[in-house]
Amino acid sequence: MSRNLVCLAAFLGLIIQVQAAEVSVAVAANFTAPMRKIAQTFEQETGHKAILSFGSTGNFYAQIRNGAPFQILLAADDETPIKIEKEGFGVAASRFTYAIGKLVLWSKQPGFVDDKGEILRSGKFQRIAVANPKLAPYGAASLETMTQLGVLQALQPKFVQGENIAQTFQFVATENAQLGFVALSQVMTDGRIAQGSAWIVPSSLHAPIRQDALLLVKGKDNPAATALMNFLQSDRSRLVIRSYGYE
Numbered sequence: 124m125s126r127n128l129v130c131l132a133a134f135l136g137l138i139i140q141v142q143a144a145e146v147s148v149a150v151a152a153n154f155t156a157p158m159r160k161i162a163q164t165f166e167q168e169t170g171h172k173a174i175l176s177f178g179s180t181g182n183f184y185a186q187i188r189n190g191a192p193f194q195i196l197l198a199a200d201d202e203t204p205i206k207i208e209k210e211g212f213g214v215a216a217s218r219f220t221y222a223i224g225k226l227v228l229w230s231k232q233p234g235f236v237d238d239k240g241e242i243l244r245s246g247k248f249q250r251i252a253v254a255n256p257k258l259a260p261y262g263a264a265s266l267e268t269m270t271q272l273g274v275l276q277a278l279q280p281k282f283v284q285g286e287n288i289a290q291t292f293q294f295v296a297t298e299n300a301q302l303g304f305v306a307l308s309q310v311m312t313d314g315r316i317a318q319g320s321a322w323i324v325p326s327s328l329h330a331p332i333r334q335d336a337l338l339l340v341k342g343k344d345n346p347a348a349t350a351l352m353n354f355l356q357s358d359r360s361r362l363v364i365r366s367y368g369y370e
């Protein structure tokens with residue numbers, strides 16, 4: 124390669140490095156798997172890097188109010204981003220729904236959960252995992268579902284409560300609980316449930332789990348943050364999101 128070409132390649136590489144940026148993203152635990160895929164494609168296509176933190180939406184709310192350096196929030200609900208925006212921590216008019224979540228009653232054991240959720244009425248299990256309803260919207264949807272079915276009072280003594288939906292999933296995956304309410308995205312890959320047995324909870328049994336994204340004030344001047352907000356609304360991202368069971 125000639126010296127001129129070497130210099131040009133080095134110059135172009137420097138431009139890419141200068142233009143590339145990092146964005147810090149607070150991601151609801153239920154969206155872990157799809158967001159990892161999206162972030163990888165985002166980096167390949169834009170050069171920007173998304174630094175991902177996963178946890179409960181309730182905890183992220185408290186952290187953002189206390190000055191955490193997050194630049195984008197991908198919440199597990201739509202209420203928290205609205206509150207953050209009203210309180211001055213979010214960029215006005217940047218909020219949009221990136222996914223509508225689905226709740227599933229899941230067991231690692233094949234054949235344990237029937238396809239109509241009748242096992243909840245039978246109560247033939249020792250422990251059921253549920254996410255903290257005060258911190259996790261999927262936990263709130265779980266309680267709403269059990270209330271609608273008339274089984275909440277009978278099942279409460281069997282609850283094993285996770286701080287977020289990721290911990291709740293771990294309780295069931297490690298069989299510390301025989302079954303539990305988790306996000307469909309945690310047990311679905313490429314449009315199918317990978318293992319165990321499950322009942323996908325009808326959306327009529329709980330309020331819609333509308334998950335909103337919000338550009339935070341700390342990311343308003345970051346080109347990587349703007350690029351990621353746009354990328355989340357692209358067809359490429361939507362294909363990934365749907366493959367994990369979201370609407």
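This note's numbering puts the first residue of the sequence shown at 124, with every later residue one more than the last.
Positions of the beta carbon are idealized from the N, C-alpha and C atoms, including for glycine.
Collapsing the DSSP output to three states places arginine 361 in a helix. If you ignore the 5 residues before and after aspartate 237, its C-beta comes within less than 8 Å of the C-beta of Ser320 and Trp322, all in its own chain and listed in chain order.
Exposure of glutamine 163 is indicated by the presence of fewer than 16 other C-beta atoms within 10 angstroms of its C-beta.
Contact between serine 230 and glutamine 301 holds, since their C-beta atoms are separated by about 6 Å, short of 8 Å. Under the three-state reduction of DSSP output, valine 148 falls in the strand class. Contact between the segment 324–332 and the segment 210–219 is absent: fewer than 3 CB-CB pairs across the two stretches fall below 8 Å. The three-state reading of DSSP puts glycine 314 in coil, since its state is none of H, G, I, E or B.
If you check the CB distance, alanine 198 and proline 192 do not come in under 8 Å. Non-local beta-carbon contacts of asparagine 345 in its own chain, meaning distances under 7 Å to residues more than five positions away in sequence, involve Ala144, Val146 and Gln194 in chain order. Isoleucine 288 is positioned such that its CB atom lies no closer than 8 Å to that of alanine 263. Taking the Cα of glutamine 167 as reference, the smallest distance to any Cα among Tyr369, Tyr261, Phe354 and Ile242 is reached at Phe354.
The residues Gln318, Gly319 and Ser320, in chain order, have a CB closer than 8 Å to that of proline 233 in the same chain once the five nearest residues on each side in sequence are set aside. Boundaries cannot be given for glutamine 301, as no beta strand (DSSP E) includes it and DSSP labels it neither H nor E.
As a beta-bridge residue in DSSP terms, glutamine 334 pairs with Ala222.
The residues Ala143, Ala144, Glu145, Val146, Phe165, Pro346, Ala347, Ala350 and Leu351, in chain order, have a CB closer than 8 Å to that of histidine 171 in the same chain once the five nearest residues on each side in sequence are set aside. When DSSP assignments are scanned along the segment 157–204, the uninterrupted stretches of beta strand (DSSP E) that are 3 or more residues long and fall wholly within it turn out to be 172–178 and 195–197. Between asparagine 182 and the set Gly211, Ala149, Tyr367 and Met158, the nearest pair of CA atoms involves Ala149. Under the 10 Å beta carbon count, serine 179 is surrounded by 16 or more other beta carbons and is classified as buried. About 6 Å separates the beta carbons of glycine 224 and asparagine 153, which is inside the 8 Å limit, making them a contact pair.
Straight-line measurement puts the Cα of valine 227 at about 13 Å from the Cα of isoleucine 242. Straight through space, the alpha carbons of serine 327 and phenylalanine 235 are spaced by roughly 23 Å. In terms of CA proximity to tyrosine 261, Phe292 leads the group Leu272, Gln276, Leu278 and Phe292. For phenylalanine 282, the enclosing beta strand (DSSP E) begins and ends at 282–285. Look at leucine 339 here: in three-state DSSP terms it is strand. Minimum Cα-Cα distance from lysine 160 among the listed residues Leu337, Ser360, Lys343 and Gly342 corresponds to Ser360.
Going by beta carbons, arginine 250 and asparagine 189 fall outside the 8 Å limit.
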